[in-house]
Amino acid sequence: MRIVPVPYDHPDAAKLMAAVQQVYVERYGGEDITPMTPADFDPPQGLFLVGYQGDEPVACGAWRAHDGPEPDFRDGDAEFKRMYVADSARGRGFARMILSELERTAALCGRKRAVLETGTKQPEAIALYTSSGYAEIPKFGVYRCEPESRCYGKDLTSV
Numbered sequence: 001m002r003i004v005p006v007p008y009d010h011p012d013a014a015k016l017m018a019a020v021q022q023v024y025v026e027r028y029g030g031e032d033i034t035p036m037t038p039a040d041f042d043p044p045q046g047l048f049l050v051g052y053q054g055d056e057p058v059a060c061g062a063w064r065a066h067d068g069p070e071p072d073f074r075d076g077d078a079e080f081k082r083m084y085v086a087d088s089a090r091g092r093g094f095a096r097m098i099l100s101e102l103e104r105t106a107a108l109c110g111r112k113r114a115v116l117e118t119g120t121k122q123p124e125a126i127a128l129y130t131s132s133g134y135a136e137i138p139k140f141g142v143y144r145c146e147p148e149s150r151c152y153g154k155d156l157t158s159v
């Protein structure tokens with residue numbers, strides 16, 4: 001898989017984000033309503049990645065910088081968003097490749113900790129994060145009061 005930085009509103013990013021939103025609808029009954037703008041993912045304060053197999057976009061993930069306020073975020077946080085691998089490309093390690101590249105690029109931009117939110121109806125995501133060194137942290141964001149929400153973090157200073 002070839003991983004390419006693209007703008008948040010790139011057609012391939014939009015296609016993959018629509019697919020992940022459909023997963024949220026199927027599993028949780030609605031789309032993710034976390035406020036986001038394309039500018040959130042403009043380098044060096046963010047990045048959107050698309051993974052290609054040949055010319056086909058098959059995976060994506062993004063990060064955006066946060067510098068407080070606590071308790072939701074700490075100075076130096078990178079919030080990971082829109083991790084997704086198309087059904088046709090699953091089981092090949094692409095999610096782990098995207099996650100690794102998000103960690104690497106966030107650390108290169110001076111981010112100290114990766115944070116993310118997922119849910120109990122995404123056990124494959126939880127397994128990926130915990131097997132990649134992420135530990136559960138206090139809930140943050142719009143889903144902090146949702147019982148199905150889970151938040152994870154990982155130190156990036158040694159990445």
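Numbering (the UniProt record's numbering), first residue to last: 1 to 159.
Heads up, the beta-carbon is just placed ideally off N, CA and C, and yes, glycines get one too.
Predicted, not measured: the structure shown is a model, and the values here were computed from it.
- The secondary-structure analysis by DSSP pairs A135 across a beta bridge with G153.
- Looking at the backbone, the Cα of P5 and that of Q122 are separated by about 25 Å.
- For Q22, the enclosing alpha helix (DSSP H) covers residues 11–28.
- Here V142 is near T34, since their CB atoms are less than 7 Å apart.
- Between R74 and D40, the beta carbon gap of about 17 Å keeps them out of contact (Cβ cut-off 8 Å).
- According to the DSSP assignment, M97 belongs to the alpha helix (DSSP H) that extends over 94–108.
- Under the three-state reduction of DSSP output, P35 falls in the coil class, being neither helix nor strand.
- Looking at the DSSP output, C145 sits in no beta bridge, so it has no partner there.
- Fewer than three pairs of CB atoms, one per stretch, sit closer than 8 Å, so the segment 138–154 makes no contact with the segment 85–100.
- Around the beta-carbon of V20, 16 or more other beta-carbon atoms lie within 10 Å, marking it buried.
- Annotated three-state conformation of F80 is strand, per DSSP.
- By a beta-carbon distance limit of 8 Å, A13 contacts C60. Their separation comes to about 6 Å.
- Comparing C-alpha distances from R82 to each of D67, G51, R92 shows the shortest one belongs to G51.
- For the options S100, E101, Y152, the alpha carbon positioned closest to that of T118 is the one of Y152.
- Assignment of beta-bridge partners to V58 by DSSP yields no partner.
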